[in-house]
Amino acid sequence: MSPPEHFAVEYAINPWMDTTAPVDTELAVKQWEGLRETFVRLGHTVHVLAPEIGLPDMVYAANGAFSVDGVVYGARFKYPQRIPEAAAHRRFYVDHGGWRFVTPAETNEGEGDFAYLPSFLGGTILAGHGFRTETAAHAEAQEALGRPVISLRLVDPRFYHLDVALAPLDDSNVAYYPGAFSEATRSVLRQLFPDAVLADEEDALAFGLNLVSDGRNVVLNTEATGLAAKLRAAGYVPVPVELTELKKGGGSVKCCVAELRP
Ligand code: ARG
370 MSPPEHFAVE YAINPWMDTT APVDTELAVK QWEGLRETFV RLGHTVHVLA PEIGLPDMVY
430 AANGAFSVDG VVYGARFKYP QRIPEAAAHR RFYVDHGGWR FVTPAETNEG EGDFAYLPSF
490 LGGTILAGHG FRTETAAHAE AQEALGRPVI SLRLVDPRFY HLDVALAPLD DSNVAYYPGA
550 FSEATRSVLR QLFPDAVLAD EEDALAFGLN LVSDGRNVVL NTEATGLAAK LRAAGYVPVP
610 VELTELKKGG GSVKCCVAEL RP
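Everything in the sequence shown is counted per the working numbering, starting at 370 for the first residue and increasing by one.
Written as structure tokens, this is what we have:
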């Protein structure tokens with residue numbers, strides 16, 4: 370049986386997705402469980418967004434919204450096959466109460482392209498554009514969330530979301546792979562983050578930057594061994610997790626996690 374048409378389209382727009390590579394579903398679920406257990410073991414509260422039939426990319430929960438200080442800027446997916454996911458995320462925030470939800474008019478893929486540094490200039494948003502999220506959404510997010518947004522241009526299709534090219538390590542510092550960004554954006558990043566941890570191409574391709582850090586523990590893909598060593602040398606505690614099956618869909622640790630900032 371050949372894959373459904375929309376997967377063929379997605380493969381073209383996400384070079385990681387090789388739909389001919391068989392996914393071991395049982396192993397995928399086991400790895401996802403392992404990821405969830407890792408966060409629980411590190412003391413975090415994990416809510417699970419119920420999966421919906423027909424939305425196989427829902428596991429990449431990072432893309433459905435972006436929250437800062439109790440305000441949620443909703444997602445508006447670029448490609449039709451993921452559009453309905455945004456409503457599921459919206460329901461999550463509405464049902465849980467305590468959030469102000471802002472419905473976006475501009476195309477943006479939530480935490481896939483937005484990151485937050487609470488102590489950088491008193492609270493700063495980093496935002497990627499070039500493949501999925503439109504620059505107009507950066508301005509919209511700034512108005513919705515009342516925090517400055519710094520636009521970063523992605524130029525390499527292998528790094529189609531900001532969260533595969535750059536990651537907050539704590540409240541004010543980041544790790545990133547310079548090659549994913551335009552030359553001008555690279556100088557912006559150098560200027561803003563002179564102490565950043567720089568990943569090389571190998572670690573970036575191993576999805577090492579698709580990490581989640583609580584400021585001390587950095588949960589990242591096991592294959593990114595070089596980055597793990599750099600993080601350890603910088604004083605962080607790398608926590609490797611195996612996510613080979615999730616990687617086949619174009620995501621790793623961070624893609625599976627929507628961080629809640631109440
Ligand atoms: N297959 C998904 C897509 O192409 C992968 C999304 C990964 N998520 C992420 N936060 N980078 O949209």
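The beta-carbon is built from N, C-alpha and C at its ideal position, and this holds for glycine as well.
- Query: In this structure, what does DSSP give as the bridge partners for Tyr545?
  - Reply: Position 176 of the sequence shown, counted from the first residue, corresponds to residue 545. For Tyr545, which the question treats as bridged, DSSP gives the partners Leu535, Leu567.
- Quick one: is the Cβ of Tyr429 within less than 7 Å of any heavy atom of the ligand ARG? Residue mapping note: residue 429 aligns to position 60 of the sequence shown, counting from 1. Correct: Tyr429 has its Cβ closer than 7 Å to the ligand ARG.
- Is Thr554 helix, strand or coil by DSSP? Position 185 of the sequence shown, counted from the start, is the residue given in the question as residue 554. Helix.
- Query: How many angstroms separate the CA atom of Gly481 from the CA atom of Ser582?
  - Reply: Position 112 of the sequence shown, counted from the start, is the residue given in the question as residue 481. Position 213 of the sequence shown, counted from the start, is the residue given in the question as residue 582. Rounded to whole angstroms, Gly481 to Ser582 spans 15 Å at the Cα level.
- Among Ala430, Asn586, Ala603, Asp572, which residue has its Cα nearest to the Cα of Leu328? Beyond the ends of the chain as shown, which are 370 and 631, falls residue 328; an answer cannot be given.
- Query: Helix, strand or coil: how does DSSP classify Val429 here?
  - Reply: Here residue 429 refers to the residue found at position 60 of the sequence shown. Rather than Val, the amino acid found at residue 429 in this sequence is Tyr. In this structure, Tyr429 counts as coil in the three-state DSSP scheme.
- Message: Starting from Phe483, trace the beta strand (DSSP E) in both directions and tell me its first and last residue.
- Response: What you label residue 483 is simply residue 114 of the sequence shown in a count that begins at 1. Counting along the chain, the unbroken beta strand (DSSP E) around Phe483 starts and ends at 483-486.
- Message: Can you find the residues in the same chain that come closer than 7 Å, C-beta to C-beta, to Ala575, ignoring five residues on each side of it along the sequence?
- Response: As a first step, residue 575 must be located in the sequence shown, where it is residue number 206. Once the five neighbours on either side are set aside, the close Cβ partners of Ala575 are Asn590, Glu592, Ala593.
- So, using beta-carbon positions, are Cys624 and Tyr429 closer together than 8 Å? Residue mapping note: residue 624 aligns to position 255 of the sequence shown, counting from 1. Residue mapping note: residue 429 aligns to position 60 of the sequence shown, counting from 1. Yes, the Cβ-Cβ distance between Cys624 and Tyr429 is below 8 Å.
- Query: What residue ranges within the stretch 417-478 form continuous beta strand (DSSP E) runs of no fewer than 3 residues, ordered along the chain?
  - Reply: 434-437, 440-443, 469-471
- For Val437, count neighbouring Cβ atoms within 10 angstroms of its own Cβ and tell me buried if that reaches 16, exposed if not. As a first step, residue 437 must be located in the sequence shown, where it is residue number 68. Classification for Val437: buried.
- Query: To which residues of the same chain is Leu418 closer than 8 Å at the C-beta, ignoring the five residues directly before and after it?
  - Reply: Within the sequence shown, numbered from 1, the residue matching residue 418 stands at position 49. Taken in chain order, the residues that qualify are Met427, Ala430, Gly433, Ala457, His458, Phe461, Ala627.
- With hydrogens ignored, establish whether the beta-carbon of Asn432 is closer than 7 Å to any heavy atom of the ligand ARG. For this step, residue 432 is matched to residue 63 along the sequence shown. Indeed, a heavy atom of the ligand ARG lies less than 7 Å from the Cβ.
- First and last residue of the uninterrupted beta strand (DSSP E) at His498: Taking the sequence shown and counting its residues from 1, the one referred to as residue 498 is at position 129. That run of the beta strand (DSSP E) goes 493-498.
- Is the beta carbon of Lys447 less than 8 Å from the beta carbon of Glu478? To locate residue 447, count along the sequence shown from 1; it is residue 78. To locate residue 478, count along the sequence shown from 1; it is residue 109. Result yes, Cβ atoms of Lys447 and Glu478 sit closer than 8 Å.
- Whole-angstrom distance between Arg445 and Leu486, CA atom to CA atom: Residue mapping note: residue 486 aligns to position 117 of the sequence shown, counting from 1. Residue mapping note: residue 445 aligns to position 76 of the sequence shown, counting from 1. Between Leu486 and Arg445, the C-alpha separation is close to 23 Å.
- Task: May I ask whether a heavy atom of the ligand ARG can be found less than 7 Å away from the beta carbon of Val588?
- Result: As a first step, residue 588 must be located in the sequence shown, where it is residue number 219. Because no heavy atom of the ligand ARG lies under 7 Å away, the Cβ of Val588 does not count as near it: no.
- Note down the Cα distance separating Val463 from Thr472, rounded to an integer number of angstroms. Against the sequence shown, residue 463 aligns to sequence position 94. Against the sequence shown, residue 472 aligns to sequence position 103. Answer to the nearest angstrom: the Cα atoms are 12 Å apart.
- Message: So, under 8 Å CB-CB, Leu495 and Ala534 are touching, yes? Tell me the CB distance rounded to an integer number of Å.
- Response: Counting from 1 along the sequence shown, the entry for residue 495 is found at position 126. Counting from 1 along the sequence shown, the entry for residue 534 is found at position 165. Going by Cβ atoms, the distance from Leu495 to Ala534 rounds to 10 Å, so no, they are not a contact pair.
- Candidates Asp569, Leu514, Asp564, of which the one nearest Tyr546 by Cα: In the sequence shown, counting from the first residue as 1, residue 546 sits at position 177. Here the closest residue by C-alpha is Asp569.
- So which of Val415, Ala598, Ala565 has the shortest CA-CA distance to Asp539? As a working mapping, residue 539 is identified with position 170 in the sequence shown. For the residues Val415, Ala598, Ala565, the minimum Cα distance to Asp539 belongs to Ala565.
- Message: Tell me the rounded alpha-carbon separation between Asp525 and Val392.
- Response: In the sequence shown, residue 525 corresponds to position 156, counting from 1. In the sequence shown, residue 392 corresponds to position 23, counting from 1. Each residue's Cα considered, the two are about 25 Å apart.
- Task: Return the Cβ separation of Arg522 and Gly499 in integer angstroms, given the expectation that the two are a contact with Cβ distance under 8 Å.
- Result: Taking the first residue of the sequence shown as 1, we reach residue 522 at position 153. Taking the first residue of the sequence shown as 1, we reach residue 499 at position 130. 5 Å between Cβ atoms; contact.
- Which residues in the same chain have their Cβ closer than 7 Å to the Cβ of Thr476, if we skip the five residues on either side of it in sequence? For the purposes of this step, residue 476 is taken as residue 107 along the sequence shown, with counting starting at 1. If we look at Thr476 and ignore the five residues flanking it on each side, its Cβ neighbours are Arg445, Lys447, Thr502, Glu503, Ala506.
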